[in-house]
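S.K.: Chains as they are written, first to last, in the numbering used here: chain Y, 1 to 264; chain F, 1 to 328.
Just so it is clear, CB atoms sit at the ideal spot from N, CA and C, and this is done for glycine as well.
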Amino acid sequence: MNRGNRILLSCVYWAFVLYVFVPLFLMILMGFKDSKFIGFPIRSWTLDWYTGVFDDAAVPSAFVYSVGIAVLATIISVFVGTWVAVLLEGRKFVGRTAMFGLTVLPALVPGIISAIAFRIYARWLGIEPGMGAIVWAHAVHNVPFVALVVMARLSTLPKSQIEAARDLGADPVIAFMRITLPYLVPAIIGASIFCLLLSFDDFVRSFFLGGYEPTLPVLIFAKLRSGMSPEINAIATVALVLTAAIGIWAERFTRRMNKESKYD
Amino acid sequence: MSDEVAPRSSRGRGTVGKKHLTFWGALSSWTPYRVVVRLATASPRRQFLILAAFPLLWVLTQHLGPMLQMLRVSFTDAYPVAPGVEQHFTLDSYARFFGDYIFWQPFFRTLVFAGVFTFCTLILTYPVAYFLARHVSRKNQMLMLLLLLIPFWVGEIVRTYAIMILLGNTGAVNQLLKWVGLIDRPIPFMYTSFSMGVGIVYLTALYMLLPLYSALEKLPKSYNEAAADLGASAWTRFRRVTLPLTLEGISSGCTLVFLISTGFYATPVLLGGPSTTVFSETIAGFFHVAGDEWPTGAAFATIMFVAAIFITGAFQKLMNSLRKGDRN
Numbered sequence: 001m002n003r004g005n006r007i008l009l010s011c012v013y014w015a016f017v018l019y020v021f022v023p024l025f026l027m028i029l030m031g032f033k034d035s036k037f038i039g040f041p042i043r044s045w046t047l048d049w050y051t052g053v054f055d056d057a058a059v060p061s062a063f064v065y066s067v068g069i070a071v072l073a074t075i076i077s078v079f080v081g082t083w084v085a086v087l088l089e090g091r092k093f094v095g096r097t098a099m100f101g102l103t104v105l106p107a108l109v110p111g112i113i114s115a116i117a118f119r120i121y122a123r124w125l126g127i128e129p130g131m132g133a134i135v136w137a138h139a140v141h142n143v144p145f146v147a148l149v150v151m152a153r154l155s156t157l158p159k160s161q162i163e164a165a166r167d168l169g170a171d172p173v174i175a176f177m178r179i180t181l182p183y184l185v186p187a188i189i190g191a192s193i194f195c196l197l198l199s200f201d202d203f204v205r206s207f208f209l210g211g212y213e214p215t216l217p218v219l220i221f222a223k224l225r226s227g228m229s230p231e232i233n234a235i236a237t238v239a240l241v242l243t244a245a246i247g248i249w250a251e252r253f254t255r256r257m258n259k260e261s262k263y264d
Numbered sequence: 001m002s003d004e005v006a007p008r009s010s011r012g013r014g015t016v017g018k019k020h021l022t023f024w025g026a027l028s029s030w031t032p033y034r035v036v037v038r039l040a041t042a043s044p045r046r047q048f049l050i051l052a053a054f055p056l057l058w059v060l061t062q063h064l065g066p067m068l069q070m071l072r073v074s075f076t077d078a079y080p081v082a083p084g085v086e087q088h089f090t091l092d093s094y095a096r097f098f099g100d101y102i103f104w105q106p107f108f109r110t111l112v113f114a115g116v117f118t119f120c121t122l123i124l125t126y127p128v129a130y131f132l133a134r135h136v137s138r139k140n141q142m143l144m145l146l147l148l149l150i151p152f153w154v155g156e157i158v159r160t161y162a163i164m165i166l167l168g169n170t171g172a173v174n175q176l177l178k179w180v181g182l183i184d185r186p187i188p189f190m191y192t193s194f195s196m197g198v199g200i201v202y203l204t205a206l207y208m209l210l211p212l213y214s215a216l217e218k219l220p221k222s223y224n225e226a227a228a229d230l231g232a233s234a235w236t237r238f239r240r241v242t243l244p245l246t247l248e249g250i251s252s253g254c255t256l257v258f259l260i261s262t263g264f265y266a267t268p269v270l271l272g273g274p275s276t277t278v279f280s281e282t283i284a285g286f287f288h289v290a291g292d293e294w295p296t297g298a299a300f301a302t303i304m305f306v307a308a309i310f311i312t313g314a315f316q317k318l319m320n321s322l323r324k325g326d327r328n
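(1) Short of 6 Å in beta carbon distance, which residues of its chain neighbour F:Y223, apart from the five on each side in sequence? Order them along the chain.
(2) Considering only the alpha carbon of each residue, which of F:E217, F:S280 and F:Y213 lies closest to F:Y126?
(3) Under 8 Å Cβ-Cβ, which residues of chain Y neighbour F:L80?
(4) In this structure, how does DSSP classify F:W30 when only helix, strand and coil are distinguished?
(5) Can you check whether the C-beta of F:V306 is within less than 8 Å of a C-beta belonging to chain Y?
(6) Taking 8 Å as the CB-CB cut-off, is Y:A117 touching chain F?
(7) Per DSSP, Y:K33 forms a beta bridge with which residues?
(8) Is the Cβ of F:W30 closer than 8 Å to any Cβ of chain Y?
(9) If contacts are defined as beta-carbon pairs under 8 Å, then Y:A236 and F:Y161 qualify, I think. What distance do you get, rounded to the angstrom?
(10) Can you tell me which of F:I250, F:A172 and F:G25 puts its alpha carbon nearest to the alpha carbon of F:L210?
(11) Leaving out the 5 sequence neighbours to the left and right, which residues in its chain are closer than 6 Å to F:F103 when beta-carbon positions are compared?
(12) Taking the alpha carbon of Y:S10 as the reference point, which residue from F:V136, F:L245, F:F48 and F:T246 has its own alpha carbon closest?
(13) Using a Cβ cut-off of 8 Å (strictly closer), state whether F:E293 contacts chain Y.
(14) Under 6 Å Cβ to Cβ from Y:G130, same chain only, skipping five residues before and after it: list those, please.
(15) From the DSSP output, in three-state form, read off F:F89 for me.
(16) So, is F:L132 buried or exposed, given that buried needs 16 or more other C-beta atoms within 10 angstroms?
(17) Nearest-angstrom Cα distance between Y:E89 and Y:S155?
(18) Rounded to whole angstroms, what is the Cα-Cα separation between F:G99 and Y:T103?
(19) What number of angstroms, rounded off, separates the C-alpha of F:A40 from the C-alpha of F:F54?
(20) If you draw a straight line from the alpha carbon of Y:F145 to that of Y:V238, how long is it in whole angstroms?
(21) What residues in its chain sit with their C-beta under 8 Å from that of F:Q87, if we drop five residues either side in the sequence?
(22) Please list, in chain order, all residues of the same chain as F:T237 whose beta carbon is under 8 Å from its beta carbon, the five residues on each side excluded.
(23) Less than 6 Å between C-beta atoms, sequence neighbours within five positions excluded: which residues of the same chain meet that for F:I283?
(24) Whole-angstrom Cβ separation of Y:G111 and Y:V204, contact assumed at under 8 Å?
(25) At least one CB of chain F closer than 8 Å to the CB of Y:F145: is that the case?
(26) Which partner residues does F:T76 have in the DSSP bridge list?
(27) Would a check of beta-carbon distances place F:G65 closer than 8 Å to chain Y?
(28) List, in chain order, every chain Y residue whose beta-carbon is nearer than 9 Å to that of F:F75.
(29) If you run the structure through DSSP and keep just helix, strand and coil, what is F:R134?
(30) Are the C-beta of Y:L240 and some C-beta of chain F separated by less than 8 Å?
(31) Report yes or no: do the segment 112 to 124 of chain Y and the segment 167 to 174 of chain Y share at least 3 C-beta pairs separated by less than 8 Å?
(32) Pick out whichever of F:K324, F:F113 and F:P106 has its Cα sitting closest to the Cα of F:L247.
(33) Around the C-beta of F:M142, are 16 or more other C-beta atoms found within 10 angstroms, so that it is buried, or is it exposed?
(34) Would you tell me roughly how many angstroms separate the C-alpha atoms of Y:V22 and F:E281, rounded to the nearest one?
(35) What residues of chain Y sit near F:L147, judged by a beta carbon separation below 8 Å?
(36) Can you list, in chain order, the residues of the segment 68 to 85 of chain Y whose Cβ is nearer than 8 Å to any Cβ on chain F?
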């Protein structure tokens with residue numbers, strides 16, 4: 001391969017890394033600025049914005065609310081998504097393609113349309129805007145991601161293991177609980193973390209299905225509309241550090257689980 | 001448990017009598033459970049129906065249901081229906097869309113913007129994916145990909161805000177340009193289609209990068225080497241070998257990014273201005289005001305969804321025919 005090409009491409013890669021990191025880095029820096037005015041240059045520094053975040057009761061309560069929604073929605077979507085994956089993977093039946101299409105549908109509908117459709121449907125079902133409605137919308141939206149991740153893992157399960165269990169007298173339920181499910185654990189954990197992050201970060205569904213209590217992204221949005229302030233940087237930085245830390249941890253964790261199960 | 005317990009059963013949670021059965025062993029010899037399982041698995045057909053019933057019900061009522069209900073509401077004249085008022089079916093909401101250019105202008109703007117932003121994302125991420133898949137050792141590939149994933153775990157709103165700080169009049173870019181001496185007065189990047197584009201490309205880049213990377217990673221290096229042995233130049237090799245064989249990744253990446261870009265709401269609100277109103281803002285408007293504007297909002301959302309699906313479908317068809325054409 002051409003050496004010049006390689007150097008040029010590696011420059012492109014590092015430029016891209018800068019492009020994705022620099023805005024976030026600048027945003028974090030701005031949270032330490034000792035002035036109400038957002039903009040460069042930063043002449044003096046302070047931690048006041050961070051201490052302020054915890055004095056304002058709205059921020060911690062929005063944070064707890066978002067985490068609660070994310071956890072509940074994730075439990076539902078992992079349960080449903082795994083079941084759907086078990087049905088779809090390695091089975092041939094009439095309408096399988098249609099079933100697969102319907103399964104991934106919520107992931108393909110553009111955000112605003114999905115939010116509107118959920119809003120109308122929630123009204124029809126009689127679900128009031130609020131926590132229940134948000135949990136439901138997030139759960140439905142995340143099912144496709146769980147199903148795809150679990151299906152990918154399931155396709156690598158050696159069929160002989162199930163057959164051996166059946167030969168030794170296990171009924172299909174026991175074979176599933178003792179062979180299939182333990183094998184799926186890394187995929188299920190990976191998908192759960194992904195769902196938690198998707199739900200925690202989601203704005204458009206939370207915005208249209210929410211009641212008076214805002215989730216963290218909705219709160220940040222509302223504050224942004226009334227003007228930029230380093231206070232928002234402090235809130236956003238806390239959210240950013242948490243999501244990125246969970247993401248990195250999950251990535252390492254699933255990698256390790258996958259490696260271990262290879263040597264089983 | 002006593003010391004005589006076999007190691008196998010010590011892993012079980014319960015023991016039954018003196019047989020030291022595992023939890024699962026106990027369960028499978030429990031009569032009610034056995035009856036239920038035997039009934040459920042009496043025939044492969046029944047077993048399949050029991051397995052399929054819940055997922056089928058779920059996707060029909062939860063995945064398809066909201067879309068169908070939205071479609072139905074779009075044909076009504078009032079929703080939610082006030083008590084004592086009769087609901088009529090009408091095409092008025094659709095007629096309203098075509099009747100006024102303040103509606104279809106943002107609609108076409110959204111489609112054009114989404115197309116342009118998708119193309120920009122493709123141009124930006126293809127070299128990155130190419131570099132990762134072709135020029136980096138296997139071990140470093142995962143690390144370098146992971147590095148790019150970190151910012152994408154951060155939410156939409158936070159990343160949009162980061163772009164606002166980057167591009168503002170006293171933002172990093174303007175300050176840098178001023179410091180270098182290229183400009184005296186800040187360039188008003190914000191609240192234009194440019195700032196919106198930067199924001200949306202920033203938010204969607206990953207959805208393009210991953211399909212491209214997996215397509216490029218699957219492509220055997222020997223193809224390129226063979227082409228080189230036959231005397232093809234670097235550009236010819238890229239145009240005749242790499243590009244046609246990664247069309248599938250390009251096609252799925254572009255589809256995904258196009259669909260996602262049409263659906264952004266917060267980003268255009270925060271980064272765009274009055275001259276860049278997109279259709280999602282128009283749609284959202286019908287749900288903020290009190291009154292019976294919901295059917296219009298539903299109709300507009302339906303129009304947008306149909307248009308987006310139609311465009312991505314046509315695009316995929318085009319890509320497929322390109323792929324087939326190249327094989328002949």
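M.R.: To lay it out plainly:
(1) What you label residue 223 of chain F is simply residue 223 of the second sequence in a count that begins at 1. The residues are V241.
(2) Locating residue 126 of chain F in the second sequence gives position 126, where the first residue counts as 1. Among F:E217, F:S280 and F:Y213, the Cα nearest to that of F:Y126 belongs to F:Y213.
(3) The count along the second sequence starts at 1 and reaches residue 80 of chain F at position 80. With the sequence shown as reference, residue 80 of chain F is identified as Pro, and Leu is not the correct amino acid for it. Per Cβ cutoff of 8 Å: R123.
(4) Sequence index remark: in the second sequence, residue 30 of chain F carries index 30 (1-based). F:W30: coil per DSSP, three-state reduction.
(5) The count along the second sequence starts at 1 and reaches residue 306 of chain F at position 306. Closer than 8 Å: no.
(6) As a working mapping, residue 117 of chain Y is identified with position 117 in the first sequence. Cβ-Cβ to chain F under 8 Å: yes for Y:A117.
(7) Within the first sequence, the letter at position 33 stands for residue 33 of chain Y. Bridge partners of Y:K33: Y:W45.
(8) Translated into positions along the second sequence, residue 30 of chain F becomes position 30. No, F:W30 lies away from the interface with chain Y (no Cβ there is under 8 Å from its Cβ).
(9) The sequence position of residue 236 of chain Y within the first sequence is 236, counting from 1. The sequence position of residue 161 of chain F within the second sequence is 161, counting from 1. Right, the Cβ-Cβ distance comes to about 6 Å (below 8 Å), so this counts as a contact.
(10) Position 210 of the second sequence, counted from the first residue, corresponds to residue 210 of chain F. Closest by alpha carbon: F:I250.
(11) For the purposes of this step, residue 103 of chain F is taken as residue 103 along the second sequence, with counting starting at 1. Answer for F:F103: F97, listed in chain order.
(12) One-based indexing of the first sequence puts residue 10 of chain Y at position 10. For Y:S10, the nearest C-alpha among the options comes from F:V136.
(13) By one-based count along the second sequence, residue 293 of chain F stands at place 293. Interface criterion not met: the Cβ of F:E293 is under 8 Å from no Cβ in chain Y.
(14) Position 130 of the first sequence holds residue 130 of chain Y. Around Y:G130, the same chain offers G211 as residues with beta carbons nearer than 6 Å, after the five sequence neighbours per side are excluded.
(15) What you label residue 89 of chain F is simply residue 89 of the second sequence in a count that begins at 1. Reduced to three states, the DSSP call for F:F89 is strand.
(16) Residue numbering aside, residue 132 of chain F sits at position 132 when the second sequence is read from its first letter. It is buried - the Cβ of F:L132 has at least 16 other Cβ atoms within 10 Å.
(17) As a working mapping, residue 89 of chain Y is identified with position 89 in the first sequence. As a working mapping, residue 155 of chain Y is identified with position 155 in the first sequence. So the alpha carbons of these two residues sit roughly 7 Å apart.
(18) Taking the second sequence and counting its residues from 1, one reaches residue 99 of chain F at position 99. Taking the first sequence and counting its residues from 1, one reaches residue 103 of chain Y at position 103. The straight-line gap from Cα to Cα measures roughly 36 Å.
(19) Position 40 of the second sequence, counted from the first residue, corresponds to residue 40 of chain F. Position 54 of the second sequence, counted from the first residue, corresponds to residue 54 of chain F. Rounded to the nearest angstrom, the two C-alpha atoms are 14 Å apart.
(20) For the purposes of this step, residue 145 of chain Y is taken as residue 145 along the first sequence, with counting starting at 1. For the purposes of this step, residue 238 of chain Y is taken as residue 238 along the first sequence, with counting starting at 1. Those two C-alpha atoms are separated by around 26 Å.
(21) One-based indexing of the second sequence puts residue 87 of chain F at position 87. Cβ within range, chain order: T76, D77, A78, Y79 and V81.
(22) The residue you call residue 237 of chain F lines up with position 237 of the second sequence. Note on identity: in this sequence residue 237 of chain F is Arg, with Thr being the wrong assignment. Within the same chain, F:R237 has close Cβ partners N224, A227 and A228.
(23) Walking along the second sequence from the start, residue 283 of chain F turns up at place 283. Excluding positions up to five away in sequence, the list reads G297, F300 and A301.
(24) Within the first sequence, residue 111 of chain Y is the residue found at index 111, counting from 1. Within the first sequence, residue 204 of chain Y is the residue found at index 204, counting from 1. Contact flag correct, Cβ pair sits at about 4 Å.
(25) By 1-based counting over the first sequence, the position of residue 145 of chain Y is 145. By this cut-off, Y:F145 is not an interface position.
(26) Indexing the second sequence from 1 puts residue 76 of chain F at position 76. DSSP lists F:F89 as partners of F:T76.
(27) Here residue 65 of chain F refers to the residue found at position 65 of the second sequence. Interface residue, yes.
(28) Walking along the second sequence from the start, residue 75 of chain F turns up at place 75. Per Cβ cutoff of 9 Å: no residues; F:F75 is ~13 Å from chain Y at best.
(29) Reading the second sequence from its first residue, position 134 is the one you call residue 134 of chain F. Three-state result, F:R134: helix.
(30) Working through the first sequence from its first residue, we reach residue 240 of chain Y at position 240. So, interface residue.
(31) no
(32) Counting from one through the second sequence, the residue named residue 247 of chain F turns up at place 247. It is F:K324 whose Cα lies nearest to the Cα of F:L247.
(33) Translated into the one-based positions of the second sequence, residue 142 of chain F becomes position 142. Result: exposed.
(34) Position 22 of the first sequence, counted from the first residue, corresponds to residue 22 of chain Y. Position 281 of the second sequence, counted from the first residue, corresponds to residue 281 of chain F. The straight-line gap from Cα to Cα measures roughly 29 Å.
(35) In the second sequence, counting from the first residue as 1, residue 147 of chain F sits at position 147. Ordered by position in chain Y, the residues that pass the 8 Å Cβ test against F:L147 are V17.
(36) V80, W83 and V84
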